[in-house]
Amino acid sequence: MEGQVPTRHEPPTEEVADIKKSYQWLEKTGLKDSTEELIVAAQEQALSTRSIKAGVYHTRQDPRCRLHKDAPQTVQHIIAGCKMQAGTAYIEHHNQVAGIVYSNICTYGQEVPRSEWKALPKVIEND
Numbered sequence: 001m002e003g004q005v006p007t008r009h010e011p012p013t014e015e016v017a018d019i020k021k022s023y024q025w026l027e028k029t030g031l032k033d034s035t036e037e038l039i040v041a042a043q044e045q046a047l048s049t050r051s052i053k054a055g056v057y058h059t060r061q062d063p064r065c066r067l068h069k070d071a072p073q074t075v076q077h078i079i080a081g082c083k084m085q086a087g088t089a090y091i092e093h094h095n096q097v098a099g100i101v102y103s104n105i106c107t108y109g110q111e112v113p114r115s116e117w118k119a120l121p122k123v124i125e126n127d
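UniProt numbering numbers the first residue of the sequence shown as 1 and each following residue consecutively.
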C-alpha cells in the first residue's frame with residue numbers, strides 16, 4: 001500500500017490466485033480505458049491523494065488529511081479512518097449505496113420486502 005514494505009512474508013500471487021481469471025472481468029465489461037484505469041488505481045490504492053502527491057510525485061503537497069491534519073491522507077484513511085468523517089458522512093454514504101443496491105434489485109425483478117422502510121426520527125437530547 002502506497003510504497004509501504006510488507007512486514008511478513010506473503011506467498012507469490014500465482015500460488016493463491018488464478019491470474020488469468022483475476023483480470024478476466026476487465027476483458028468483458030466494455031469499460032472505457034479511463035474508467036478501467038480509475039478502478040484499477042482504486043484497487044491498488046494508488047489514487048491521487050495528498051499522500052501520493054507528496055510521497056510518489058514529490059510535490060510540495062502536505063500529505064496530511066485536509067480535514068484534521070493528524071494522519072496521512074491515503075485511500076484507506078479517506079474510506080474508513082478519518083475521524084472527521086466518521087459517523088454522519090459514512091452513514092449517509094452507506095445509505096446511498098444501500099438505496100442503489102435496493103433499486104437495482106427491484107429493477108431486475110427480484111423479490112423485495114413488502115413493508116416500507118421509514119426513517120427513524122432524530123434523537124432529541126435532554127438538557
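Yeah, the Cβ is synthetic: ideal placement off N, Cα and C, and Gly gets one too.
- Beta-bridge pairing by DSSP links Arg64 to Pro72.
- In the displayed model, His58 falls within coil according to three-state DSSP, outside both helix and strand.
- For Ile91, there are no CB contacts under 8 Å within the same chain when 5 residues up- and downstream are skipped.
- When secondary structure is reduced to three states using DSSP, Glu37 falls in the helix class.
- By the CB criterion at 8 Å, Thr88 and Gln73 fall outside the cutoff.
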